[in-house]
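Structure first, then comments.
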Amino acid sequence: MSKKYKAIFFDWDGTAVMSRQAPVEEAVAAMKPLLASGVKLVIVSGTTYDKIASGKIHEHFTPEEASNLYLGLGRGAYNYKMVNGQPEIFADCIPDTEGLLKIHDVCYKIHRELLEKYNFKTDVVFSRPNYCKIDLQVENERGDQLFMQEDEMSQLKAMLEEHGLKNGIMDLVSLSEKVGEEFGLKVSATCDAKYLEVGISCKSNNVDTILESFKEEGIEAEDCSFWGDEFVGIQEGLYGSDSFMLTPKTEEGDFFDVSSLEGVRPEKIQILGGGVDRFIQFLVDQGK
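Structural data, given as C-alpha cells:
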C-alpha cells in the first residue's frame with residue numbers, strides 16, 4: 001500500500017490485538033515510529049480506557065509521541081487526547097444520572113418484552129457510561145476473544161427465529177427504537193451477534209468528533225484510513241460495529257477489513273483479511 005496517511009483510525013480488539021489480555025508490544029512497536037513522525041493514530045473501541053493495554057497505553061510512548069495518540073471509546077461516550085503524556089477527555093457524550101437511568105429503563109423494558117412476548121432470555125449489563133449491553137446468548141461465553149466469532153451469527157439467527165422474531169436482528173433494532181421513543185430517547189442500537197448494545201451514541205460519534213478536531217491541522221477525511229474486523233453484514237441492511245466508522249463526514253477516507261468472515265460489507269470497505277498480523281504490517285509499512 002503506497003499511500004501514506006496523515007491519520008489512521010482503528011479498532012482495538014481483533015484488529016490491533018487478538019484480545020485484551022494479549023501482549024501489546026508488537027502493536028506499540030509498530031505505532032511508535034508513526035506517532036514520532038506526526039501521524040495521528042486513533043484507537044476506536046466500544047470499551048473503556050482501562051481495558052486498552054490495562055489502562056496504560058500512554059505509558060508506552062514518550063510525551064511527544066503520545067501527543068499524536070487519540071482514543072474514541074465507549075461507543076461515542078469518551079474522546080481522549082494526550083496532554084503532557086497523560087490521557088485527557090476533550091469531548092464526551094455522557095448523560096446525567098436521570099438520563100442514564102432512562103437508558104437503563106429502556107434496556108430493562110427491552111429485556112422484559114423479549115421475555116414476555118417471545119420467551120427469549122437475556123441478561124443486561126448496566127455499568128456502561130451511556131448505553132447497556134443486552135446479552136442475547138447468555139449460554140455463550142467468549143472468554144477473552146471478545147470480538148464476533150465465526151458461528152455466532154448463524155446461532156443468533158436460529159435462536160431469534162425459534163422464538164418468533166422472524167426478521168431477526170431487524171426486530172431487535174426496531175424494538176429498541178420503539179421503546180426508546182416511549183421514553184423520549186433517540187437510541188442507537190447495534191449488534192455483534194452476542195450483544196445488543198443500546199445507548200445514545202456509537203462509534204460514529206467518536207470518529208466524527210476526532211476527525212473534526214484534526215481539521216485545524218489540515219487533515220481531511222481523504223487523508224485518513226479506517227481499519228476494523230467487524231464490518232461484515234449481520235443481516236441485510238445491518239453491518240458490524242466497525243461499519244459505524246463510515247459516516248457522511250468520513251466517507252472520503254479509505255476503509256479496510258482485516259476479517260476473513262464471509263458476508264456482505266458496505267460498498268466502501270476493502271476486504272484484506274489477515275487479521276491482526278495484516279494490520280500490524282500495514283502500520284510497519286506506513287512507518288518506513
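Just so you know, we're using full-length UniProt numbering here: the sequence shown kicks off at 1 and counts up by one.
Note that the Cβ used here is the ideal one computed from N, Cα and C, for glycine as well.
Residues V258 of the same chain have their beta carbon placed closer than 6 Å to that of G275, with the five preceding and five following residues left out of the count.
The secondary-structure analysis by DSSP pairs N79 across a beta bridge with G72, A91. Here A7 really is in contact with D223; their C-beta atoms are around 6 Å apart, less than 8 Å. One Cα belongs to V284, the other to V24, and the distance between them is close to 15 Å.
Contact between the stretch 102-111 and the stretch 170-184 is present: three or more C-beta pairs spanning the two stretches fall below 8 Å.
Here Y118 carries a helix assignment [DSSP, helix/strand/coil]. Rounded to the nearest whole angstrom, the C-alpha separation of E59 and M159 is 44 Å.
The residue from L246, L261, L100, L69 with its alpha-carbon nearest to that of N84 is L69.
Spatial neighbours of M31 in its own chain (CB-CB distance under 7 Å, excluding positions within 5 residues in sequence) are listed in chain order as L41, L283. Here Q21 is exposed. Its C-beta has fewer than 16 other C-beta atoms within 10 Å. The three-state secondary structure of V276, taken from DSSP, is helix. Here Q235 is buried. Its C-beta has 16 or more other C-beta atoms within 10 Å.
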